[in-house]
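Inspection log for the structure reproduced underneath, given as structure tokens.
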Amino acid sequence: MGWVQRQGGSVNATTLARHSAFFFEVAADALADGVARLQEMLQAPLLLREDIQREVAVIDAEYRLIQQHEPSRREAAVRHAASAPAAFRRFQVGSADALAGDLAALQAALGDFHRTHYVARRMQLWLQGPQSLEALGELAARFAAGLVAGEPPPPAPPLRLGEFTALQLAVSSQPALWRCPLIALSDNVTLLREFLLDEAPGSLMAGLRQRRLAGDVALNWLYQDRHLGWLALVFASDRPEEVDRQITHWLQALQQTTPEQQLHYYQLSRRRFQALSPLDQLRQRAFGFAPGAPPAGFADFCAALQAAPSVSLACQTVSPGGVCCHPGL
């Protein structure tokens, strides 16, 4: 991290349900050095006890911040609707209480985790730059040299929703509706996002604002594996039931869009992507909404989305009832 910052670059790490991702951005002539340093960090971490202690303190500080972070609390409430796998509900965020008890055991567990997962068959390297494909390929080959092949990752356990999927959460401010369907992964998700973010007359958001039903909208991933994704459509609204009905009507209307309309919005998504920084483009390619193939089967996708198992969370400014403590929060 210090080296990247001294180069005037950017660095970021993200932990998801099934992946940990490390990103950095530097000038093109420093990319080879950056890849070499990333290789060293991932292949041969020191895992010294004093470093682990410092990291546990950082994790605990983040944990305490997240407890007061409203979007994270709402996401935890949605995740509480998942019935399987059990680990999905059991742990989301680390803390000192969970990690700081037996430092020797934690150090050993980290070593075991590294030997199991930081292997060629469980890692991906994404490179983006002005270099030729041949030059980037050589960098990738040097990065992979010395990696243990390891075992391929086991199949993701099926994600299933529980009996209660219509949830309410009392909040002190910022009421919202979360509509969260489980869907098969598809390039059409990026096209859906472009329609969703559209603010032109006749769009969903233009209609919701005109009726004063919603102010803002966002589309996020709650979870992804190789085949399945759990989406979150988040609307800032104090009238969730009315917004939910409008979403259903909108999905029905999207099934009637023409190929020309779909291609137009696909091109808009490409322009949105091209306006991002290289680092943000890479993040979108890895686990975001990077444009893929041109539209195909969009009507069927929207119909499947409408029929998909889903969780709805109405965040309303009402007096709270009982307290539900989510694991990790």
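Letter 228 of the sequence shown, counting from 1, is numbered 228 in the UniProt record's numbering, and no numbers are missing.
Heads up, the beta-carbon is just placed ideally off N, CA and C, and yes, glycines get one too.
Values in this document were obtained by computation on a predicted structure and should not be read as measured data.
What's the gap between the Cα of residue i and the Cα of residue j?
i: glutamine 68; j: valine 217; result: 22 angstroms
i: alanine 28; j: glutamine 39; result: 17 angstroms
i: leucine 213; j: valine 243; result: 6 angstroms
i: histidine 234; j: arginine 142; result: In the sequence as displayed, the identity of residue 234 is valine instead of histidine. Cα to Cα, valine 234 sits roughly 42 angstroms from arginine 142.
i: glutamine 43; j: leucine 147; result: 7 angstroms
i: alanine 176; j: aspartate 238; result: 6 angstroms
i: proline 259; j: tyrosine 265; result: 10 angstroms
i: arginine 179; j: glycine 215; result: 16 angstroms
i: glutamine 131; j: alanine 293; result: 24 angstroms
i: serine 203; j: leucine 197; result: 9 angstroms
i: leucine 263; j: serine 72; result: 35 angstroms
i: glutamine 124; j: phenylalanine 273; result: 21 angstroms
i: alanine 135; j: leucine 47; result: 32 angstroms
i: leucine 191; j: glutamine 281; result: 16 angstroms
i: alanine 275; j: glutamate 75; result: 28 angstroms
i: alanine 296; j: glutamine 267; result: 14 angstroms
i: valine 119; j: threonine 257; result: 45 angstroms
i: phenylalanine 287; j: leucine 127; result: 14 angstroms
i: glycine 94; j: glutamate 62; result: 9 angstroms
i: arginine 6; j: alanine 145; result: 27 angstroms
i: alanine 105; j: glycine 150; result: 23 angstroms
i: arginine 64; j: alanine 57; result: 11 angstroms
i: leucine 16; j: leucine 208; result: 32 angstroms
i: alanine 96; j: proline 278; result: 35 angstroms
i: proline 45; j: proline 154; result: 24 angstroms
i: glutamate 199; j: glycine 162; result: 35 angstroms
i: leucine 110; j: serine 173; result: 40 angstroms
i: isoleucine 59; j: leucine 133; result: 38 angstroms
i: alanine 100; j: arginine 121; result: 31 angstroms
i: glutamine 53; j: alanine 314; result: 39 angstroms
i: arginine 115; j: glutamine 210; result: 56 angstroms
i: proline 113; j: alanine 236; result: This sequence places phenylalanine at residue 113; proline is not what is there. The straight-line gap from Cα to Cα measures roughly 40 angstroms.
Ignore the nearest five residues each way along the sequence and tell me which others in residue i's own chain have a CB closer than 8 angstroms to its CB.
i: histidine 227; result: Ala156, Ala184 and Leu185
i: arginine 193; result: Leu219, Ser269 and Phe289
i: glycine 9; result: Phe24, Glu25, Val26, Ala27, Ala30 and Gly34
i: serine 312; result: Thr165, Ala166, Leu167, Leu177, Trp178, Arg179, Cys180, Pro240 and Asp244
i: leucine 159; result: Ala82, Ala84, Pro85, Phe88, Leu182, Tyr223, Asp225, Leu228 and Trp230
i: alanine 304; result: Ile183 and Ala184
Which residues bound the alpha helix (DSSP H) around residue i?
i: leucine 221; result: The sequence shown places tryptophan at residue 221, rather than the leucine named in the question. Unbroken run through tryptophan 221 is the beta strand (DSSP E), 217-224; no alpha helix (DSSP H).
i: proline 72; result: It should be pointed out that residue 72 corresponds to serine in this sequence rather than to proline. Unbroken alpha helix (DSSP H) run through serine 72: 70-79.
i: valine 243; result: 240-254
i: valine 56; result: 49-67
i: arginine 193; result: 188-197
i: alanine 98; result: 96-99
i: glycine 2; result: 2-6
Between which residues of its own chain and residue i is the CB-CB distance below 6 angstroms, once the five residues before and five after are set aside?
i: asparagine 188; result: Phe298 and Phe301
i: leucine 182; result: Trp230, Ala308 and Pro309
i: valine 35; result: Leu139 and Phe143
i: valine 11; result: Met1, Val4 and Phe24
i: proline 291; result: Thr190, Ser269, Arg270 and Phe273
i: glutamine 316; result: Pro175
i: threonine 14; result: Ala21
Going by DSSP, which residues form a beta bridge with residue i?
i: glycine 229; result: Ile183 and Gln224
i: threonine 116; result: None, per the DSSP bridge assignment.
i: leucine 177; result: Phe235 and Ala314
i: leucine 161; result: Ala82
Along the beta strand (DSSP E) that carries residue i, what are the first and last residues, could you check?
i: glutamine 316; result: 310-316
i: phenylalanine 24; result: 20-25
i: glutamine 168; result: 166-170
i: alanine 28; result: Per DSSP, alanine 28 belongs to no beta strand (DSSP E) and is neither H nor E.
i: alanine 214; result: Taken as a continuous stretch (DSSP letters only), alanine 214 belongs to no beta strand (DSSP E), as it is neither H nor E.
i: valine 11; result: 10-15
i: alanine 84; result: 82-84
Give every residue of the same chain whose Cβ lies closer than 7 angstroms to the Cβ of residue i, excluding the five residues on either side of it in the sequence, and list them in chain order.
i: leucine 254; result: Phe195 and Cys302
i: aspartate 225; result: Arg18 and Ala156
i: phenylalanine 164; result: Ala81
i: tryptophan 3; result: Arg37
i: threonine 248; result: Gln306
i: arginine 283; result: Phe23
i: glutamine 107; result: Leu47, Arg49 and Ile52
Exercise for the section: Could you pull out every unbroken alpha helix (DSSP H) segment of at least 4 residues lying fully inside the region 265-309, listed in chain order? Expected result: 278-287 and 298-307
Handout entry: Residue ranges of each alpha helix (DSSP H) within the region 132-158, 4 or longer
Key = 133-144
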